[in-house]
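Comments concern the structure below.
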Amino acid sequence: MLADGDRVRNPDLLTALSLLTLGTYDRLPSNLTEAFIPRPALTNGTILDTLRRLDAHILYRLKCVDYVPPDLAIERISDGRAYVTGGNGSWRAELSLSGFGQDAQSRWWLTGVEWLWKNRSDEKGKGGKRFKGIERQEILDLVNREILPPEGEPVDVQAVTEDAVDVHGAAAEETKTVDAPLVRLVNFIRQLARSFSLHHKADIQNISL
Numbered sequence: 000m001l002a003d004g005d006r007v008r009n010p011d012l013l014t015a016l017s018l019l020t021l022g023t024y025d026r027l028p029s030n031l032t033e034a035f036i037p038r039p040a041l042t043n044g045t046i047l048d049t050l051r052r053l054d055a056h057i058l059y060r061l062k063c064v065d066y067v068p069p070d071l072a073i074e075r076i077s078d079g080r081a082y083v084t085g086g087n088g089s090w091r092a093e094l095s096l097s098g099f100g101q102d103a104q105s106r107w108w109l110t111g112v113e114w115l116w117k118n119r120s121d122e123k124g125k126g127g128k129r130f131k132g133i134e135r136q137e138i139l140d141l142v143n144r145e146i147l148p149p150e151g152e153p154v155d156v157q158a159v160t161e162d163a164v165d166v167h168g169a170a171a172e173e174t175k176t177v178d179a180p181l182v183r184l185v186n187f188i189r190q191l192a193r194s195f196s197l198h199h200k201a202d203i204q205n206i207s208l
């Protein structure tokens, strides 16, 4: 009687026939083959068209879907990104979307952030700080993992429902909670600016916000 280690596996006839006839094996799941099969390179026209569509979708989201806090100013939308400033012009951030869907199907991503401080002693007004390297990646990972992901339905608003009518025929108002990732982003960067200022207080005595 053979032990488990001595048993010989049955030959895989389907694999053998596929290799002999086709020279390859095409029955693997697609999630295992996508990483190994090179995708065709995108043409310049396709890239430009995708960026134009993304710019239009970002504008639509900012104008019609997402709540934009009053202290968040939109500088421009280009190259598939929204360039915004906050804190009375003390910082700038770059945002993009993961796709062309609605709300949770197309979530916001932070792609860059920088301080816009100006040095009083510099006649040209140079200064500021653009996060780079590990410091930049840590901020992006934290924001994109914990701050920007949707938290329910897309700031409190008053919504009137047709079926919420009392005996006098007056529509009753109910509070509907919607998601506001840009508000959470502004609050996070404000806290980050405070902690950064305290941590580097000795180095920025001549820098004004």
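Numbering that gives the first Met the number 0 puts the sequence shown at residues 0 to 208. Using N, Cα and C, we set each Cβ at its ideal position, and we do this for glycine too.
**Request:** Kindly indicate the opening and closing residues of the beta strand (DSSP E) around Thr84.
**Result:** Segment Arg80 to Gly85, the beta strand (DSSP E) holding Thr84.
**Message:** What would DSSP say about Ile73, mapped onto helix, strand or coil?
**Reply:** Strand, per DSSP.
**Prompt:** According to the neighbour-count rule (16 or more other Cβ atoms, all chains shown, within 10 Å of its Cβ), is Arg80 buried or exposed?
**Reply:** Counting every other CB atom within 10 Å of its CB across the protein chains shown gives Arg80 a total of 16 or more, marking it as buried.
**Prompt:** Helix, strand or coil: how does DSSP classify Glu150 here?
**Reply:** Coil at Glu150, not helix or strand.
**Request:** Take Leu61 and list the residues in its own chain whose beta-carbon comes closer than 7 Å to its own, dropping the five residues that flank it on each side.
**Result:** Short of 7 Å from the beta carbon of Leu61, and not among the five residues preceding or following it, lie these beta carbons of its own chain, in chain order: Val67, Ile73 and Ala81.
**Contact belief for Arg189 with Gly86 at Cβ below 8 Å, rounded distance in angstroms** = Their Cβ separation, rounded to whole angstroms, is 7 Å, which keeps Arg189 and Gly86 in contact under 8 Å.
**Message:** Considering only DSSP beta bridges, list what Ser95 is partnered with.
**Reply:** According to DSSP, residue pairing for Ser95 in a beta bridge involves Trp108.
**Prompt:** Helix, strand or coil for Ser17 per DSSP?
**Reply:** Of the three classes helix, strand and coil, the one that applies to Ser17 here is helix, per DSSP.
**Message:** So if DSSP puts Glu113 in a beta bridge, which residue, or which two residues, is it bridged to?
**Reply:** Bridge pairing for Glu113: Arg91 and Arg129 [DSSP].
**Prompt:** Val185: buried (16+ other C-beta within 10 angstroms of its C-beta) or exposed?
**Reply:** By the 10 Å Cβ count, Val185 comes out buried.
**Prompt:** When we look at the beta-carbon of Ala158 and count the other beta-carbons within 10 Å, is it buried (16 or more) or exposed?
**Reply:** For Ala158, the predicted model reports a pLDDT of 39, less than 50, meaning its position is unreliable and no value from the coordinates is stated.
**Item:** Status (buried if at least 16 other CB within 10 Å, exposed otherwise) for Pro180
**Value:** Flag for Pro180 reads buried.
**Asked** How should Ala40 be labelled, buried or exposed, when 16 other C-beta atoms within 10 angstroms of its C-beta is the threshold for buried?
**Response** Its Cβ having fewer than 16 others within 10 Å, Ala40 is exposed.
**Message:** Under DSSP, the alpha helix (DSSP H) around Asn43 begins and ends at which residues?
**Reply:** Per DSSP, the unbroken alpha helix (DSSP H) holding Asn43 starts and ends at Asn43 to Tyr59.
**Request:** Give the secondary structure of Asp140 by DSSP, where H, G and I count as helix, E and B as strand, and everything else as coil.
**Result:** Shown here, Asp140 sits in a helix according to DSSP, grouped into three states.
**Request:** Look up Gln157 in the DSSP assignment and say whether it is helix, strand or coil.
**Result:** The predicted position of Gln157 is uncertain, since its pLDDT is 40 and thus under 50; a value taken from the coordinates is nonetheless stated next. Note: Gln157 maps to strand in three-state DSSP.
**Prompt:** Hey, Trp107 and Leu96: beta-carbon distance below 9 Å or not?
**Reply:** Pairing Trp107 with Leu96 gives a Cβ-Cβ distance under 9 Å.
**Message:** Checking 9 Å against the spacing of the C-beta atoms, do Thr243 and Arg26 come in under that value?
**Reply:** Since the first residue of the chain shown is 0 and the last is 208, residue 243 is not available in this structure.
**Prompt:** What did DSSP end up calling Val177 once you bin it into helix, strand or coil?
**Reply:** It is coil, neither helix nor strand.
**Request:** Could you work out which residue in Asp11, Thr110 and Gly22 is closest to Leu139 when comparing CA atoms only?
**Result:** Minimum Cα distance to Leu139 is reached at Thr110.
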